Structures are given as structure tokens and as C-alpha cells.
Amino acid sequence: LNGSHVKASLTALSVADCPSLVLPESVALPALRDFDVSGCFEAPVAAIAAVVARHRGTLRRLGASRLPQLAAAPSTVAEFVDKAFAHPFPGLTTLEIDAVGASGYLALSERLVRRTGRAAPALRSLHLRNTCGWAGGGSAASPLADDAFPQLTSLDINGVAAADAAQALMAAASGCPRLTSVACAGDVGAVTRGHAESIAGAFAALIGARGAALTAVDVSDRADAGAVLERLAAARRP
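For the sequence shown, the numbering used here gives the first residue as 38, with consecutive numbering after it.
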């Protein structure tokens, strides 16, 4: 890519699901707006961080899902987040960081969500799908409650464990004033009556906080969808 005649005009680059890709740190595409490196689980963390950081002035969408190496250890979490998001991304509107890996996802999600809230004030869409490691009392969800994402309109937590999803929804209800779309589809693990009530209560809080602004809700493939709908209906009544 470096030296190609398309280098100056290339606006979108996806190398997703190329596991053996050796991503060179020197990649520089001055017009790049959309970059997806998801599934490149052999790419060095330093290289991913360097390429992301280099394009912070132009990026509008970043896909960095299914990259277990980012959360392999506290040191790699810090390396990626601190290097990739050391400076503001003024135009970044979409961040997808799904299914990074359960072992270190709590640390990565909390650090990344907090840093992104400061580095990407224009972020409108946040994808945290299938984040099975998001647990431990909801600390990873707490940045959503801290007014870190004032422009966020879409939150996708499909496949997140029920208790963790409820915490995220409650946090978003208080900290994401422009939220209009929430996806919370799919059960992860056993869903107890208590979990169903917590999800339903979280949606009720979200509806109560956002009022008529919430236009899209996805609770597909959930055993507790009925309880969610009951709470939504009750919240809509005068």
C-alpha cells in the first residue's frame, strides 16, 4: 500500500479475518476514513496501535473486534489503548470492539471505553458485542454513566451476559443523553428470573430517561424478551 498509486485516494481498508497478516507499522493512507483489522489475531499489538494512531485525524470508523492479543495481559491492554488513543480522534463516529476475549476483556473494555470517551467526543455508535468477560460488578459499564459519550446514539451489546447487559443499560440511561438505538439481543448463559427482571428494569429506566427519543430496541433471541416488553409497555403508559 505504501507507494501504490491508490494510496492518496484510498478511504476504506478492511483486512478483517486475515489471521496471519503481518501489519506493517508504516502504513500511511492520508485519506483513510474506515479501517477494519478485526480477526487479525497474529498482528502485533504495537503495529495495530501505530496504524490506528497515525490515522486519528481522518478515521470515522474503526473495527477492532476478535483480537484476543489486545487483552492478553495488562501490559498489552495498556500498550494498545495508550498508544492508539493517546491523542484525540475528532471525527471518529463508530467504534466496534467485539469479542476481544474473556480473559482480559474487563480491563480492556474499561480502559478503552474511558479513554475513547475523552479521545472521541463525536462517537455516535459503540459496539461491544459478545463481550463475555464484561463482569466484576459493572466497572466496565461505569464510563457510560459518566457522560463520557454525549453524542452516542447507538449502543450494541448483543450477546453480553444478562447481568452485565443490565448494568450497561442502567449506565447508558443516565450517561448517554442522545441514545436512540439499543441492541441487546441473545442470551449468554443461564437467564434466571432475577436476570430477566434486571434487564427489564434496566430497559424501563432507559425508556424513562430517554422518553420518546428511543426509537429502536432489539431484544431478539432472548428468553426474557417478554419481561422486557412488559416493562416497556408499562413505562409508556401515562
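Idealized CB from N, CA, C, for every residue including glycine. If you're wondering where the values come from, they're calculated on a predicted model, not measured in any experiment.
inquiry  = Tell me the rounded alpha-carbon separation between R148 and A86.
reply    = In the sequence shown, counting from the first residue as 1, residue 148 sits at position 111. In the sequence shown, counting from the first residue as 1, residue 86 sits at position 49. The straight-line gap from Cα to Cα measures roughly 15 Å.
query = Can you tell me the Cα-Cα spacing of R151 and E62, whole angstroms?
reply = Start at 1 with the first residue of the sequence shown, and residue 151 comes out as number 114. Start at 1 with the first residue of the sequence shown, and residue 62 comes out as number 25. C-alpha separation (whole angstroms): 25 Å.
task = Could you tell me the distance, in whole angstroms, from the CA atom of A172 to the CA atom of V64?
result = Numbered from its first residue, the sequence shown carries residue 172 at position 135. Numbered from its first residue, the sequence shown carries residue 64 at position 27. Unreliable positioning characterises A172 in this predicted model, as indicated by a pLDDT of 41, which lies under 50. A coordinate reading is not provided.
ask   = How should G196 be labelled, buried or exposed, when 16 other C-beta atoms within 10 angstroms of its C-beta is the threshold for buried?
value = Translated into the one-based positions of the sequence shown, residue 196 becomes position 159. So G196 counts as buried.
Contact check, L243 vs L206, beta carbons under 7 Å = As a working note, residue 243 is residue 206 in the sequence shown. As a working note, residue 206 is residue 169 in the sequence shown. Yes; because the gap between Cβ atoms is below 7 Å, this pair is in contact.
ask   = Taking buried to mean at least 16 other C-beta atoms within 10 Å of its own C-beta, is H124 buried or exposed?
value = Along the sequence shown, one-based indexing puts residue 124 at 87. Counting Cβ neighbours within 10 Å, H124 comes out exposed, since fewer than 16 surround it.
Buried versus exposed, by CB contacts within 10 Å (16 or more), R103 = Residue numbering aside, residue 103 sits at position 66 when the sequence shown is read from its first letter. When all chains shown are included, R103 counts as buried.
ask   = With a Cβ-Cβ cutoff of 7 Å, do L160 and L192 count as a contact?
value = Along the sequence shown, one-based indexing puts residue 160 at 123. Along the sequence shown, one-based indexing puts residue 192 at 155. No, the Cβ-Cβ distance between L160 and L192 is not below 7 Å.
key: Assigned exposure category for V74 - 16 Cβ within 10 Å defines buried   = Looking up residue 74 in the sequence shown gives position 37. Label assigned to V74: buried.
inquiry  = Taking 7 Å as the threshold (beta carbon to beta carbon), is L104 in contact with chain D?
reply    = Of the protein chains in the structure, only one exists, and it is not chain D.
message = What does the Cβ neighbour count give for T252, buried or exposed, with the cut at 16 atoms within 10 Å?
response = The count along the sequence shown starts at 1 and reaches residue 252 at position 215. Exposed, since its Cβ has fewer than 16 Cβ neighbours within 10 Å.
query = With which residues is L99 paired in a DSSP beta bridge?
reply = Along the sequence shown, one-based indexing puts residue 99 at 62. In DSSP, L99 forms a bridge with F72 and L132.
message = At the level of alpha carbons, what is the spacing between A101 and Q204?
response = Position 64 of the sequence shown, counted from the first residue, corresponds to residue 101. Position 167 of the sequence shown, counted from the first residue, corresponds to residue 204. Distance between the alpha carbons of A101 and Q204: 23 Å.
Distance, L132 Cα to T95 Cα = As a first step, residue 95 must be located in the sequence shown, where it is residue number 58. As a first step, residue 132 must be located in the sequence shown, where it is residue number 95. For T95 and L132, the distance between alpha carbons rounds to 14 Å.
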